[in-house]
Structure formats: structure tokens, C-alpha cells
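Okay, so the sequence shown: first residue is 63 according to the numbering used here, each after it adds one.
All C-beta atoms, glycine included, are put in the ideal place defined by N, C-alpha and C.
Note that this is a predicted model, so its numbers are computed, not measured.
To start, the structure itself, in C-alpha cells.
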Amino acid sequence: MTITVLAVIEPDITAAAPLSKVMNERLRRLAAELQNEHLKNLKSIDSGCEDVVIYISYNTKYNIRWKIVNDVPSVIETEVAHQCALLGYILWKGSPIYNFKF
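Below is the structure:
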């Protein structure tokens, strides 16, 4: 299984230029950590899923939000939701699993 976590830089969330650069670098680092450390156990789950793609970004209050952008089995959704909740990330509003109970 291929796990891809992409940092989505929102152009409408504006901050001072130096702060924006630091926050964007932090977001990229957090995406890499989520992909390589926190979600590495997904590869051992036998779900028949070939890949999972997750976007992370800041919301307007600078909290990290996440969403899965491809179709995956519920066992994968549950594990991603669990790991993101442990990290304090919030579910991206409007995500297909937005009414998911953690």
C-alpha cells in the first residue's frame, strides 16, 4: 500500500511573510511525519486497498485539518482518523466521514 500525505497550502489564509514561510514548512514536515511515522502501520492492514491519499492543511484558526481524498475501506478510514485524533488534528469540514464517531 502506498501512503501519500500532501500539505495543502491555502492562498486565502494570510499571515505575515516570515510567519507564513515557517508555517508552510511546518505543515510540510508534519505531512512527512504523518506519512512516514504515524501511518506506517497502515501497510500491514490487509484491506485490499492499494493506496491512500490524505490532505492536511491549516484552517482559518491555524489548526491542522485532514481529509482522505480517495476511496478507501472503513478500516483504513478508522485508523487514519485515530492517528490524526491522537495528534490533535481535526477532520476537514465536508469530508465524507465528517459524521464519523471517534
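- In the DSSP secondary-structure assignment, T64 is bridged to D113.
- Assignment of K129 by DSSP, reduced to helix, strand and coil, places it in the strand class.
- Within the DSSP secondary-structure output, Y120 pairs in a beta bridge with I126.
- Short of 8 angstroms from the beta carbon of V131, and not among the five residues preceding or following it, lie these beta carbons of its own chain, in chain order: V115, I116, Y117.
- Judged by DSSP secondary structure, Q145 falls within the alpha helix (DSSP H) whose first and last residues are 136-148.
- Looking at the DSSP output, L153 bridges to W128.
- Contact between I65 and L89 fails: their C-beta atoms lie close to 17 angstroms from each other, not under 8 angstroms.
- Distances from the alpha-carbon of S157 to those of T140, H144, W128 put W128 closest.
- One Cα belongs to E112, the other to M63, and the distance between them is close to 5 angstroms.
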